[in-house]
Amino acid sequence: MQELTHWINGAHVTGTSGRFADVFNPATGEVQARVPLASKQEIDHAVAEAARAQPAWGATNPQRRARVMMEFVRLLNRDMDKLAQTLSREHGKTLPDARGDIQRGLEVIEYCIGAPQMLKGEFTDSAGPGIDMYSMRQPLGVAAGITPFNFPAMIPMWKMGPALACGNAFILKPSERDPSVPLMLAELMQEAGLPDGVLQVVNGDKDAVDAILDNPAIAAIGFVGSTPIAEYIYGRGCSNGKRVQCFGGAKNHMIIMPDADLDLAADALVGAGYGAAGERCMAISVAVPVGEATADALIERLIPRIEKLKVGPYTAGNDVDYGPVVTAAAKANILRLVESGVAQGAKLVVDGRGFKLQGYEDGFFVGPHLFDRVTRDMDIYRKEIFGPVLSTVRARTYEEALAHAMDHEYGNGTAIFTRDGDTARDFAHRVNIGMIGINVPIPVPLAYHTFGGWKKSAFGDLNQHGPDSFRFYTRTKTITSRWPSGIKEGASLNFRPMD
Ligand code: NAD
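Going by the numbering used here, the sequence shown wraps up at 1282, each residue one higher than the last.
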């Protein structure tokens, strides 16, 4: 069996804690590797080495750092197929979806090539007599990223790209469920010219995360994962005096107005609800048709589309719409929630519970499920299922549909399908959610905008990628300078304007 490593000072390093986690092939259920779980000592060593490497990297001019990003993009494109194969084998998603995962990370690296522009700072000439004032953005030192299993290429790149382009050293603690692609990214960064020690990848679980949270040399932490862990990391990280941003779980509603193109809406729901087996933080998990007639017509269109979905291993190529979920525990949790939906009175109109795939009986496959007549008190509505399960909550009016989206504790993304511009505009203005789609089911902003939810989907005040990422990974220093050349004001003890 393959034994994975950490990546410290530009080399693969064997774990020394004696603790490991199994890495599965979710399609077959087989353990294909084991990953070391770092101890506090291993984390502290990686951080100390990163702190040693950072000053030279921080002093490297921004265009040279940007050139490393440029070369990294070339290498990602060169190795796209190899990365996608590894990603699919550990995560289970289809190959086109794995390429999308890598591509959306790559686009953030492309954005980071603009670091010299983003880091320019501000200057005021003659703010007072002989006085100039300017501000500069300086790196924080060592930053860390803790990332989830569901985008093992994209989210590590969302974190490491801006952090490194800003001149920080970076400690990546990827998900222990699919750690191979993050290790490959580190190898490619080295090949692109990143000095050793500036990017460290340490694998691990709660012990490693706690060591990161408590290490005083780490100035900032970016986290993406489930909400309970996001809250924990935000609380402990902030109380240790760090800058922290945490992105959590989701329950994304899609409102379907009576005037919507229902075929378009049904296609969108199938893609957004079942793509990647529903393991996306921007997946649509709740459909909210407005009016009984809209709901009946929508369900009638959804059922045949969902029943046609092909579930299988990524090795089956284009014959598969979505693959297995990540672990047996994830599968059991999804099926438990489906049972709770039936027990609590929701109508299961597409029942995937008996799903079996010949030749892959031990794989973590979950058939597609569609619930109708879900109500707000049910567990399948309140909880994030993170599986191929779509719940339909019927609303009588637009206001009622809007209230469903607004009252839910999560606020990552939402969408409305309508032909009416007034309704779409009203929705975009009033809804208390971070990312909104208008006739777009998965409104993930591109690299040069920012990504982030509201309410229990995000903690901290800056978003991921886009201009916010350059703010998060730098701190501002403002300099007031005077070259008097002949100006004599005498001493003053007052706090006074400059002019
Ligand atoms: P997770 O919370 O289980 O794990 C995320 C990270 O936290 C991993 O690196 C893991 O090792 C670590 N971790 C797990 N348990 C921990 C503990 N007790 N203490 C400290 N660290 C711990 O999340 P996951 O299952 O890997 O990912 C799925 C979740 O991520 C979903 O809730 C999904 O909505 C969310 N997600 C959110 C976004 C977003 O931008 N809002 C994006 C992707 C995924």
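Each residue gets a CB set at the ideal place from its N, CA and C atoms; glycine is no exception.
- [ ] Name, in chain order, the residues that DSSP records as bridge partners for Cys1029.
- [x] Under DSSP, Cys1029 takes part in a beta bridge, and its partners are Phe1006, Phe1242.
Task: Range covered by the beta strand (DSSP E) that runs through Lys956 - done: 952 to 956
- [ ] With a 10 Å radius around its C-beta and 16 neighbouring C-beta atoms as the bar for buried, classify Met940 as buried or exposed.
- [x] buried
Open item on the list: Shorter than 6 Å, the distance from the beta carbon of Asn860 to the closest heavy atom of the ligand NAD, or not?
Closed with: no
- [ ] State the Cα-Cα distance for the pair Glu1183 and Ser1068, rounded to the nearest angstrom.
- [x] Glu1183 and Ser1068 have their C-alpha atoms roughly 18 Å apart.
Task: Sequence-distant residues of the same chain with beta carbon closer than 7 Å to Ala991, five excluded per side - done: Leu820, Ala821, Ile826, Lys956, Val985
- [ ] Take Ala1241 and list the residues in its own chain whose beta-carbon comes closer than 6 Å to its own, dropping the five residues that flank it on each side.
- [x] Phe1030, Gly1235
TODO: Just tell me which of Gly1146, Leu1173, Glu1167 has its CA closest to the CA of Gly1157.
DONE: Contrary to the premise, residue 1157 reads as Val rather than Gly in this sequence. Among Gly1146, Leu1173, Glu1167, the Cα nearest to that of Val1157 belongs to Leu1173.
TODO: For the alpha helix (DSSP H) holding Ser822, just list the boundary residues, first then last.
DONE: Counting along the chain, Ser822 falls outside any alpha helix (DSSP H), and DSSP gives it neither H nor E.
Open item on the list: Run through the DSSP bridge pairs and tell me what Arg1136 is partnered with.
Closed with: According to DSSP, Arg1136 bridges with nothing at all.
TODO: Would you tell me roughly how many angstroms separate the C-alpha atoms of Met943 and Gly1056, rounded to the nearest one?
DONE: Rounded to the nearest angstrom, the two C-alpha atoms are 29 Å apart.
Open item on the list: With three or more C-beta pairs closer than 8 Å as the rule, is the stretch 1086 to 1105 touching the stretch 1185 to 1200?
Closed with: no
Task: Between the CA atoms of Ala1043 and Leu1153 - distance to the nearest angstrom - done: 20 Å
- [ ] Using the Cα positions of Phe1253 and Ala810, report the straight-line distance between them to the nearest angstrom.
- [x] 39 Å
Open item on the list: Could you compute how far the alpha carbon of Val814 sits from the alpha carbon of Trp790?
Closed with: 22 Å
- [ ] Tell whether a beta-carbon distance below 7 Å holds between Ala1070 and Met1037.
- [x] In this structure, Met1037 lies closer than 7 Å to Ala1070 by Cβ.
TODO: Out of Lys1238, Arg1265, Lys1091, point me to the one whose CA is closest to Glu1192's CA.
DONE: Lys1238
Task: Straight-line Cα distance separating Thr1201 from Ile1221 - done: 8 Å
Open item on the list: Assess contact between the stretch 1008 to 1021 and the stretch 835 to 853, defined as three or more Cβ pairs (one per stretch) separated by less than 8 Å. Is contact present?
Closed with: Remark: fewer than three beta-carbon pairs, one from each stretch, lie closer than 8 Å, so the stretch 1008 to 1021 and the stretch 835 to 853 are not flagged as touching.
TODO: Less than 8 Å between the CB atoms is what I'm expecting for Gly1124 and Leu1131, so what's the real figure, rounded?
DONE: The pair is a contact, with the Cβ atoms about 7 Å apart (cut-off 8 Å).
Task: Of the listed residues Ala833, Ile1225, Pro1151, Val1149, nearest to Gly924 (C-alpha basis) - done: Ala833
TODO: Taking all protein chains shown into account, decide if Lys989 is buried (16 or more other Cβ within 10 angstroms of its Cβ) or exposed.
DONE: Lys989 should be labelled exposed.
- [ ] Give the single residue among Arg802, Val818, Ser871 whose Cα lies nearest to the Cα of Leu787.
- [x] Val818
Task: First and last residue of the uninterrupted beta strand (DSSP E) at Pro1250 - done: Element bounds for Pro1250: not the beta strand (DSSP E) but the alpha helix (DSSP H), 1249 to 1255.
Task: Length of the line joining the Cα atoms of Gly875 and Ala1049 - done: 25 Å
Task: Cβ shell of Arg1340 (< 7 Å), same chain only, five flanking positions each side left out - done: No statement about residue 1340 is possible, as the shown extent of the chain runs from 784 to 1282 and does not include it.
TODO: Could you spell out the range, first to last residue, of the alpha helix (DSSP H) harbouring Asp1209?
DONE: 1204 to 1213
Task: Under 7 Å between C-beta atoms of Thr869 and Val964 - done: yes
TODO: Report buried or exposed for Ala1112, applying the criterion of at least 16 other Cβ atoms within 10 angstroms of its Cβ.
DONE: So Ala1112 ends up on the exposed side.
Open item on the list: Can you confirm whether Pro1072, when its beta carbon is compared against all beta carbons of chain B, has any partner nearer than 7 Å?
Closed with: This model lacks chain B altogether; it includes just one protein chain.
Task: N-terminal and C-terminal residue of the beta strand (DSSP E) that Leu977 is part of - done: No beta strand (DSSP E) contains Leu977, which DSSP labels as neither H nor E.
- [ ] Taking only the alpha-carbon atoms, compute the straight-line gap between Asp1162 and Asn1035 and give it to the nearest angstrom.
- [x] Taking the straight line from one Cα to the other gives about 15 Å.
Open item on the list: For Pro999 and Asn1023, what's the separation of their Cα atoms in angstroms?
Closed with: 8 Å
Task: Spatial neighbours of Gly1150 in its chain, beta-carbon cut-off 6 Å, leaving aside the 5 residues before and after - done: The beta carbon of Gly1150 lies closer than 6 Å to those of Gly1135, Phe1138 in the same chain, with the five residues before and after it left out.
Open item on the list: Tell me the DSSP secondary structure of Leu900 in three-state form.
Closed with: Here residue 900 is Gln; the residue named in the question, Leu, does not match the sequence. Shown here, Gln900 sits in a helix according to DSSP, grouped into three states.
Open item on the list: On the criterion of 16 or more Cβ atoms from any shown chain inside 10 Å, does Asp1164 qualify as buried, or is it exposed?
Closed with: Reading off the sequence, residue 1164 comes out as Tyr, not Asp. Tyr1164 is buried by the Cβ-count criterion.
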